[in-house]
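**Q** Pasting a structure below so you can have a look.
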Amino acid sequence: MKNIIISTAVISMMIITVPREAGTATLSYSIGDVKVQRTSVRETGRPGMTINTGDTVITGERSLAIISFSRGSMVKMRQNTRLKVTGEIEAGRESPALFLQSGSVFSKILKREPGESYRIQTKTIVASVRGTEFFFSFGKGENSSRDLWLCVNSGKVLVSDLAGKDAPVTVAEGQGILITKGTGITPPREYPWTKNLNWNMDPDRGSVIDDTDLNSAYTDLLNQDYD
Amino acid sequence: MDRDRLFHPFLGLFLAACMVMIPIRATADTIPETRPESFAGEGSLRLFATSDPVTLMAEFLGRHETLDTRDIYRSFTTGMYLRAHRNLKLGAFYRLQQGELHEDDWENLNPGWEWQSTGSRNEHVFIGDLTPRFIAGFLPGGNWVFTVKTRYLYNTFNDHQTITVRPGLMWFWIRDGRPFMNFYVQYENYTPLNYGVTIFYEQWAYTGAIYHISDSMELGMYGAYRRIKWGPSDDFETARPDEEYRIIHQSIIIGITMIVRINI
Numbered sequence: 693m694k695n696i697i698i699s700t701a702v703i704s705m706m707i708i709t710v711p712r713e714a715g716t717a718t719l720s721y722s723i724g725d726v727k728v729q730r731t732s733v734r735e736t737g738r739p740g741m742t743i744n745t746g747d748t749v750i751t752g753e754r755s756l757a758i759i760s761f762s763r764g765s766m767v768k769m770r771q772n773t774r775l776k777v778t779g780e781i782e783a784g785r786e787s788p789a790l791f792l793q794s795g796s797v798f799s800k801i802l803k804r805e806p807g808e809s810y811r812i813q814t815k816t817i818v819a820s821v822r823g824t825e826f827f828f829s830f831g832k833g834e835n836s837s838r839d840l841w842l843c844v845n846s847g848k849v850l851v852s853d854l855a856g857k858d859a860p861v862t863v864a865e866g867q868g869i870l871i872t873k874g875t876g877i878t879p880p881r882e883y884p885w886t887k888n889l890n891w892n893m894d895p896d897r898g899s900v901i902d903d904t905d906l907n908s909a910y911t912d913l914l915n916q917d918y919d
Numbered sequence: 071m072d073r074d075r076l077f078h079p080f081l082g083l084f085l086a087a088c089m090v091m092i093p094i095r096a097t098a099d100t101i102p103e104t105r106p107e108s109f110a111g112e113g114s115l116r117l118f119a120t121s122d123p124v125t126l127m128a129e130f131l132g133r134h135e136t137l138d139t140r141d142i143y144r145s146f147t148t149g150m151y152l153r154a155h156r157n158l159k160l161g162a163f164y165r166l167q168q169g170e171l172h173e174d175d176w177e178n179l180n181p182g183w184e185w186q187s188t189g190s191r192n193e194h195v196f197i198g199d200l201t202p203r204f205i206a207g208f209l210p211g212g213n214w215v216f217t218v219k220t221r222y223l224y225n226t227f228n229d230h231q232t233i234t235v236r237p238g239l240m241w242f243w244i245r246d247g248r249p250f251m252n253f254y255v256q257y258e259n260y261t262p263l264n265y266g267v268t269i270f271y272e273q274w275a276y277t278g279a280i281y282h283i284s285d286s287m288e289l290g291m292y293g294a295y296r297r298i299k300w301g302p303s304d305d306f307e308t309a310r311p312d313e314e315y316r317i318i319h320q321s322i323i324i325g326i327t328m329i330v331r332i333n334i
């Protein structure tokens, strides 16, 4: 994986195109079918819409959404992804906590100030960082037995099993892990398929769409020659 | 007693016996002996370089039968697979081999008969391959792959054309999302198109396991049973046009293989 380092100031100028309240999250970019669910109301997501704690952002088929936080951290959601914002987002402090219900998310998180944090979790696994860029996604399987993939482009991510069965694992830059059936954490290692991921979150710098086929993360049993 | 009348019948019988025995003895020498079951050791190195949908392949293989005087069989095979469909690969290969034995290698040395030594004889074989593969989801545990590798071989040395069909079943032991070991069984039949005396000319039955050392290297071991049925050679048919024979050669083969894979 490439270690992509982008100036925070540059990101702010290129992506944030509408005024936002300090300390809030904003749906800064979208493609296709994007909805924002607030309690029982589901609205169409539009660039510039404020995302509040408790909101769930939903992307449909061939759709994409980028959520920007006031101090420059960003989250890019791939197609068919549901992401709920559960953490604190308030003026001067930013500790977003996200709940990934389905799909895949890229996170580019600037270094946290003292007392701040960033975490993204599923029902079984939580990944927390203090300043990094990583990809977190559901893989094969069904319901609570789905695999989870996490790979780090820069920085480090601490991954913990909420049930406490496995010791926390630190995933370093260039490495990835597979959480099999959502629970068993594999040792960090390099995965060739992650080289195909599109980490770009700035539409002005090129395409932000990532259409990496996650099936390529798994060995294709029908493509193995032994002769 | 009339000694002359007594002598001649015995002489006649003796001469008649000689006339019968000598041809029988000559016929036995002209037919190759059915060898006892032999054991062979086989080793191979296979290299696969993949840039989907194309996979280049090179193989070095050697086989030595320890309880026989046959020459060591050696081959180098190279070519490529094209993944035409998720479940189908097409392949084209060239093979250079030495040490192969064909039924026409039973030669009339005049006098005497012998299997020709083929250890330094180059044979060029061109191979077309069709390999469909399917996930056998109905089997318990998942990760079963059923394959039917079908090949057409043309040997330019003797113009022999052969179809081989090799159905096989392989189970993948997946750990941490990656193959850890494979276990397989296969059966292969060689059907001659323009030679031989039976459509079941040669059969192989294999069973083996492959250990994935890393994403790019695998080590396999296998056992195989090989059976070949030979009919009369050209020399025999010329010398004994009204006679024929069938002999069967069987061997047990223990093999080891190293597989190296790279993505290009």
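Each protein sequence line maps, in turn, to chains A and B. Taken in order, the first sequence gives residues 693 to 919; the numbers are from the working numbering. Taken in order, the second sequence gives residues 71 to 334; the numbers are from the working numbering. Just so it is clear, CB atoms sit at the ideal spot from N, CA and C, and this is done for glycine as well.
Verify the CB distance criterion: does D903/A have a CB-CB separation below 9 Å to chain B?
**A** No, D903/A does not count as interfacial toward chain B.
**Q** How far does the beta strand (DSSP E) with A717/A in it reach, from first residue to last?
**A** Its beta strand (DSSP E) spans residues A717 to I723.
**Q** Given that a residue counts as buried once 16 or more other Cβ atoms are within 10 Å of its Cβ, and exposed if not, what is R738/A?
**A** So R738/A counts as exposed.
**Q** Is the distance from the Cβ of S108/B to the Cβ of S321/B below 9 Å?
**A** Cβ atoms of S108/B and S321/B: closer than 9 Å.
**Q** Cβ closer than 7 Å: which chain B residues qualify as neighbours of T911/A?
**A** In chain order: R248 and P249.
**Q** Tell me whether A154/B is buried or exposed, calling it buried when 16 or more other Cβ atoms sit within 10 Å of its Cβ.
**A** When all chains shown are included, A154/B counts as exposed.
**Q** Find out if the Cβ-Cβ distance for the pair L790/A, I758/A is shorter than 9 Å.
**A** Going by C-beta atoms, L790/A is not nearer than 9 Å to I758/A.
**Q** Using beta carbons (cut-off 9 Å, strictly below), is P884/A in contact with chain B?
**A** Output row for P884/A: interface = yes.
**Q** Pick helix, strand or coil for L914/A, following the three-state DSSP scheme.
**A** It is helical.
**Q** Can you tell me where the alpha helix (DSSP H) with A275/B in it begins and where it stops?
**A** Run containing A275/B: none in the alpha helix (DSSP H); it sits in the beta strand (DSSP E), E272 to S284.
**Q** Consider the Cβ of Q867/A: report whether some Cβ of chain B lies at a distance smaller than 9 Å.
**A** Output row for Q867/A: interface = no.
**Q** Looking at A128/B and L117/B, is the spacing between their C-beta atoms short of 9 Å?
**A** In this structure, A128/B lies closer than 9 Å to L117/B by Cβ.
**Q** Do the CB positions of N30/B and D174/B come within less than 9 Å of each other?
**A** The structure shown has nothing for residue 30/B, since chain B only spans 71 to 334.
**Q** Suppose the cutoff is 7 Å on Cβ atoms and the five residues either side in sequence are ignored; what does the same chain contact list for L200/B look like?
**A** Counting only Cβ-Cβ distances below 7 Å, and skipping sequence neighbours, we find L160 and T220.
**Q** Output yes if chain B places a C-beta closer than 9 Å to the C-beta of P879/A; else output no.
**A** Judged by the 9 Å Cβ criterion, P879/A is in contact with chain B.
**Q** With 9 Å set as the bound, which would you pick, yes or no: does the beta-carbon of M328/B sit closer than that to a beta-carbon of chain A?
**A** With 9 Å as the cut-off, M328/B does not count as an interface residue toward chain A.
**Q** Using only alpha-carbon positions, find the residue among K887/A, L854/A and K803/A that is nearest to I871/A.
**A** Taking only the C-alpha atoms, the option nearest I871/A is L854/A.
**Q** Evaluate H230/B with the Cβ neighbour count: other Cβ atoms within 10 Å of its Cβ, from every protein chain shown; 16 or more gives buried, anything less gives exposed.
**A** Answer is buried; the Cβ neighbour count reaches 16.
**Q** For F253/B, which residues from the same chain have a beta carbon less than 6 Å from its beta carbon, with the 5 sequence-adjacent residues on both sides left out?
**A** Closer than 6 Å at Cβ, skipping near neighbours: W241 and A279.
**Q** Taking 8 Å as the cut-off, does the region 204 to 220 of chain B touch the region 231 to 251 of chain B (at least 3 CB pairs, one atom from each stretch)?
**A** Touching, per the Cβ criterion.
**Q** Give the residues from the region 208 to 228 of chain B that approach chain E closer than 7 Å (Cβ to any Cβ), ordered along the chain.
**A** In the structure shown, chain E does not exist; the protein chains are A and B.
**Q** At the 9 Å Cβ level, is D839/A part of the contact set with chain B, yes or no?
**A** So, interface residue.
**Q** Looking at F306/B: is its Cβ nearer than 9 Å to the Cβ of I142/B?
**A** No; because the gap between Cβ atoms is not below 9 Å, this pair is not in contact.
**Q** Give me the residue from M769/A, G746/A, D902/A and G876/A with the minimum Cα distance to V733/A.
**A** Checked all of M769/A, G746/A, D902/A and G876/A; the closest Cα to V733/A is G746/A.
**Q** How close, in whole Å, do the beta carbons of K848/A and T875/A come, if the pair is a contact with beta carbons under 8 Å?
**A** So it is not a contact: roughly 22 Å between Cβ atoms.
**Q** If you run the structure through DSSP and keep just helix, strand and coil, what is L889/A?
**A** DSSP places L889/A in coil when its eight states are reduced to three.
**Q** Using a threshold of 9 Å, state whether the C-beta atoms of M769/A and T751/A are closer than that.
**A** Going by C-beta atoms, M769/A is nearer than 9 Å to T751/A.
**Q** Which of helix, strand or coil does DSSP assign to S837/A?
**A** It is helical.
**Q** Would you verify that the beta carbon of F306/B is, or is not, closer than 9 Å to some beta carbon of chain A?
**A** No - not a single Cβ of chain A is within 9 Å of the one on F306/B.
**Q** Name, please, each residue of chain A whose Cβ falls closer than 8 Å to the Cβ of Y151/B.
**A** The contacting residues are D917.
**Q** Of all the residues that make up the region 110 to 136 of chain B, which are near chain A by a beta-carbon distance shorter than 7 Å?
**A** Answer set for the region 110 to 136 of chain B: R116, F118, T125, M127 and E129.
**Q** Using a C-beta to C-beta distance shorter than 9 Å, which residues of chain A count as neighbours of N333/B?
**A** P884, listed in chain order.
**Q** Determine the direct distance from the alpha carbon of E258/B to that of N888/A, and round the result to whole angstroms.
**A** Roughly 40 Å separates the two Cα atoms.
**Q** Here's the rule: buried if 16 or more other CB atoms are within 10 angstroms of the residue's CB, otherwise exposed. What is P880/A?
**A** P880/A should be labelled buried.
**Q** Please report the distance separating the alpha-carbon of P884/A from that of N772/A.
**A** If I take the Cα positions, the gap works out to 24 Å.
**Q** Assuming E882/A contacts G866/A (C-beta within less than 8 Å), just tell me the rounded distance between them.
**A** Contact holds; Cβ gap of about 6 Å.
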